[in-house]
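Residue numbers (my numbering), protein chains in the order written: chain A, 28 to 253; chain B, 28 to 253.
C-beta: ideal position from N, C-alpha, C; glycine also.
2 protein chains.
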Amino acid sequence: MGMSDDEVRQTQRFKVGELTVEAGTPILTEGAHSAQLFTVLSGLGLRYSTLENGRRQVLSFVFPGDLIGLQGAVMAEMTHTVEARSRMRLCVFDRAALWNFLKHAPSRAYDLTWIAATEEHFLGEALTTVGQRTAEEAVAWALVKVWKRARALLLIDGSAMNLPFKQQDLADALGLSLVHTNKTLAKFRERQIATWRDGQLSVTDLDTLAAIGMVGTDDPPPRPLL
Amino acid sequence: MGMSDDEVRQTQRFKVGELTVEAGTPILTEGAHSAQLFTVLSGLGLRYSTLENGRRQVLSFVFPGDLIGLQGAVMAEMTHTVEARSRMRLCVFDRAALWNFLKHAPSRAYDLTWIAATEEHFLGEALTTVGQRTAEEAVAWALVKVWKRARALLLIDGSAMNLPFKQQDLADALGLSLVHTNKTLAKFRERQIATWRDGQLSVTDLDTLAAIGMVGTDDPPPRPLL
DNA sequence: CGCTGTCTTGATCACTATCAAACCGAGTGG
DNA sequence: CCACTCGGTTTGATAGTGATCAAGACAGCG
């Protein structure tokens, strides 16, 4: 990763452009007050926040089309970190430009509201999952969510998709321990419902998975590109 | 945050009326496609969603100043229910008018974005709580959150505030069982850190509570009134 | 007065965490 | 080519937090 984060930020600060980051790079970091927002063009990432005691909560997996950094643009500082998990291409916006944008193209304001409301809805679902679903249900829910999202984005290659996360990431997303997450995944593999190995996820029985996780299987609504 | 005359005019056109509901009344219900949004003027409520198996997740407690129903205005249907827990006065807005409004008063679009981003931030924190905090930490976190919010709204009367929720509501917010929530509250009562009985919450040792819950004690940022 | 809803407390159970160790593939250097 | 390390996955054994079950206390209310 040639440039340091800071260099990247400096060069991109005042212009709208494109940015490519390698897997493992933090794009936005907790506590910073970033002047930029990004739209993900390709690649996958992770959004998480950390507790004083070191425990980590993964808030969401970041997919192409997602807008990241809105919080940093609106609030005093970022309250979570966004990290690339594969090589990612990002479209860079300047924070100030966003408001001009809103002023001159009010229908963009609708889109922005749509995005924020959708994100909020997702977090509500995630909260419900972590709070109310058992480990098995939660893992099923997460796999269905990821699978449907990937399907809508045409990210499924043949019968599998690239899922460059660690089991620990999923565990931290669902509030489970790594070991228990692993064992739950193993059960789905044995039952030939879904297999995730070597960074490749393939769901063979989406209906059963959705039934276990208590989710619908219909495609998510189209997303306005900002 | 001075509105121009024009903005004021637009805001008033946007506002449809006021509504008062009694404790226990559902204001918006899951599955419905509502044409209205509300701003809470006074009273407390509850926002929750329900799983197929009947389990319930409380997403947030609703305080004066909160905007509710944005999801119903943007998405196909409401994904959660909002219910009054005390008598509530609401300011009613028409959904269709919202977009005209945004068009003519772009700075309101900023406010709307701010509200949505803040709500999203809160849900992220709640998710972190349910996923990563122990029962004791979670209850402490929730009490601090409520207390700070009430303090900022001047809802604390003497040394106590009115908290018209059931222990089951808190349990469902934190993904804990009623019994365990009760016992955790009892411990805080014994240790004289916080007491919640007969619908009155009083926090005697905010610092300890905040330390246990790993939260700051500073006031939340001011909220734009829509 | 009995009924109903909420809170409270004690006993028991199980889901999931924690601990520990082995495994496996990919690098890396001797 | 082998020994070694390293990050991640897998598996088994044990422990514990919090769920579930059950019953009593208490207040409000028809």
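Please work out which residues of its chain come closer than 8 Å, Cβ to Cβ, to B/A61, disregarding the five sequence neighbours upstream and downstream, and give them in chain order. Here residue 61 of chain B refers to the residue found at position 34 when the second sequence is read from its first residue. It should be pointed out that residue 61 of chain B corresponds to Ser in this sequence rather than to Ala. If you ignore the 5 residues before and after B/S61, its C-beta comes within less than 8 Å of the C-beta of L55, G96, G99, A100, M105, R122, all in its own chain and listed in chain order.
What ranges does the alpha helix (DSSP H) occupy inside the segment 186-215 of chain A, keeping only unbroken runs of at least 4 residues that lie completely in it? 194-201
Whether B/A167 touches B/L201 by CB criterion (8 Å): As a working mapping, residue 167 of chain B is identified with position 140 in the second sequence. As a working mapping, residue 201 of chain B is identified with position 174 in the second sequence. No, Cβ-Cβ distance for B/A167 and B/L201 is not below 8 Å.
Kindly list, in the order they appear in chain A, the residues whose Cβ is closer than 7 Å to that of B/K130. Taking the second sequence and counting its residues from 1, the one referred to as residue 130 of chain B is at position 103. Neighbours of B/K130 on chain A, chain order: P133.
Work out the CA separation of B/G58 and B/K175 for me, nearest whole Å. In the second sequence, residue 175 of chain B corresponds to position 148, counting from 1. In the second sequence, residue 58 of chain B corresponds to position 31, counting from 1. Taking the straight line joining both Cα atoms gives about 32 Å.
Can you find a C-beta in chain B that's less than 8 Å from the C-beta of A/W141? Along the first sequence, one-based indexing puts residue 141 of chain A at 114. Cβ-Cβ to chain B under 8 Å: yes for A/W141.
Measuring only between beta-carbons, confirm whether A/T155 sits less than 8 Å from chain B. Residue mapping note: residue 155 of chain A aligns to position 128 of the first sequence, counting from 1. It does: the Cβ of A/T155 has a partner Cβ on chain B nearer than 8 Å.
In the DSSP assignment, the alpha helix (DSSP H) including A/L150 goes from what residue to what residue? Position 123 of the first sequence, counted from the start, is the residue given in the question as residue 150 of chain A. Boundaries of the alpha helix (DSSP H) around A/L150: 133-159.
Alpha-carbon spacing of B/M102 relative to A/T155, whole angstroms: Indexing the second sequence from 1 puts residue 102 of chain B at position 75. Indexing the first sequence from 1 puts residue 155 of chain A at position 128. Distance between the alpha carbons of B/M102 and A/T155: 19 Å.
Near B/V43, which residues of its chain fall below 8 Å by C-beta distance, leaving aside the five closest residues on each side in sequence? Position 16 of the second sequence, counted from the start, is the residue given in the question as residue 43 of chain B. Taken in chain order, the residues that qualify are Q63, V119, F120, D121, A124.
Less than 7 Å between C-beta atoms, sequence neighbours within five positions excluded: which residues of the same chain meet that for A/D196? Working through the first sequence from its first residue, we reach residue 196 of chain A at position 169. Excluding residues up to 5 positions away in sequence, L73, V85 lie with their Cβ nearer than 7 Å to the Cβ of A/D196 in the same chain.
For B/P300, the nearest candidate out of B/L228, B/T47, B/D234, B/P249 (CA to CA): Examination of residue 300 of chain B is not possible in this model, given that chain B is present from 28 through 253 alone.
Anything in chain B within Cβ reach of A/V101, meaning under 7 Å, just list it in chain order. Position 74 of the first sequence, counting from 1, holds the residue named residue 101 of chain A. The answer, in chain order, is T140, W141, A144.
At a CB-CB cut-off below 9 Å, which residues of chain B make contact with A/R82? What you label residue 82 of chain A is simply residue 55 of the first sequence in a count that begins at 1. The answer, in chain order, is T155, G158, Q159, R160.
Name the two residues that bound the continuous alpha helix (DSSP H) containing A/A167. Looking up residue 167 of chain A in the first sequence gives position 140. Note, A/A167: alpha helix (DSSP H), 162-179.
Report the rounded CA-to-CA distance for A/R114 versus A/E49, giving the unit in angstroms. As a working mapping, residue 114 of chain A is identified with position 87 in the first sequence. As a working mapping, residue 49 of chain A is identified with position 22 in the first sequence. Answer to the nearest angstrom: the Cα atoms are 4 Å apart.
Can you check the segment 65-111 of chain B for any alpha helix (DSSP H) of at least 4 residues that lies completely inside it and give the ranges in chain order? 97-101
Any C-beta of chain A sitting closer than 8 Å to the C-beta of B/L73? If you number the second sequence from 1, residue 73 of chain B lands on position 46. No, its Cβ sits nowhere closer than 8 Å to a Cβ of chain A.
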